[in-house]
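Q: Sequential numbering of the sequence shown, starting at 97, is according to this note's numbering.
Heads up, the beta-carbon is just placed ideally off N, CA and C, and yes, glycines get one too.
What follows is a single structure, and I will ask about it in a moment.
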Amino acid sequence: MKDLATLCGAAVLALNLTACNQAPPAPPDSHDADVKAISETEAQWSQATAANDIDKAIGYYADDAVLMVPGMEAAQGKEAIGTSMRGMAKDPAFSLHFKTSKADVAKSGEMGYTWGTYELTVTDPATKKVVHDHGSYVTTYRKQADGSWKAEADIASSAVPPPAPRKHA
């Protein structure tokens, strides 16, 4: 009888230990919803920029984001990005449109990215001529505590060759 009680006790202990060591259930798969959210966020961002609503456009950046565009130093932080974008938007020729080609999200659901194409029109400060630029971009996003997505790094690459060096007389 004593052996039976010991065996039952050991079995109960083993079952309890097994139950305690089980992995927690996997979080629900939100990949498709997150990809859709990033794509919609980027579409709204593009609309705000196209409408020259720069304050709204800046709101899509995280506080510690970085913006890297051809011909300019990297703008680090939302304040610096705002200064850069407000400066560009003062140009009467300024126009920026971008379109997502692909969006994806990490399995963890915390980070995502997009890539796509852009078209930019600005006035060259040196020549005072209107410049039409186009190219591609990559933007990385981080999911915020409230479930929204903010851009962490926004990098553009121009497809337009740089101008030829000026000849000196």
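Hey, could you find the ends of the beta strand (DSSP E) Ser142 is sitting in?
A: No beta strand (DSSP E) contains Ser142, which is instead part of the alpha helix (DSSP H) from 127-146.
Q: Give, in chain order, every unbroken run of the alpha helix (DSSP H) that is at least 4 residues long and sits entirely within the region 136-201.
A: Whole alpha helix (DSSP H) segments, 4+ residues: 150-154, 174-185.
Q: So, helix, strand or coil for Arg262, using DSSP?
A: It is coil, neither helix nor strand.
Q: Just verifying my parser: in three-state terms, what is the DSSP assignment at Ser244?
A: It is coil, neither helix nor strand.
Q: With Thr219 as the anchor, note down where its beta strand (DSSP E) starts and where it stops.
A: 207-219 is the span of the beta strand (DSSP E), which, as asked, contains Thr219.
Q: Taking the Cβ atom as the reference point for each residue, do Val131 and Asp200 lie within a distance shorter than 8 Å?
A: Yes, Cβ-Cβ distance for Val131 and Asp200 is below 8 Å.
Q: Taking the DSSP output, what are the residues bridged to Thr236?
A: Paired residues: Tyr209, Ala249.
Q: Go through its chain and collect everything with a Cβ distance to Ala185's Cβ below 8 Å, but skip five positions before and after it.
A: Cβ neighbours of Ala185 beyond the five flanking positions: Asn148, Ile150.
Q: By DSSP, does Val256 sit in helix, in strand, or in coil?
A: Val256: coil per DSSP, three-state reduction.
Q: Under 8 Å, with one C-beta from each stretch per pair, do the region 212-228 and the region 168-175 reach the 3-pair mark?
A: Counting Cβ pairs under 8 Å, fewer than three are found: no touch.
Q: In whole angstroms, what is the alpha-carbon distance linking Ser135 and Thr213?
A: Each residue's Cα considered, the two are about 14 Å apart.
Q: Measuring CA to CA, which of Thr217, Thr179, Gly208, His193 is closest to Asp128?
A: Nearest C-alpha to Asp128: Gly208.
Q: Once you ignore the five residues that flank Ser126 on each side, which residues in its own chain have a CB closer than 7 Å to its CB?
A: Cβ within range, chain order: Gly205.
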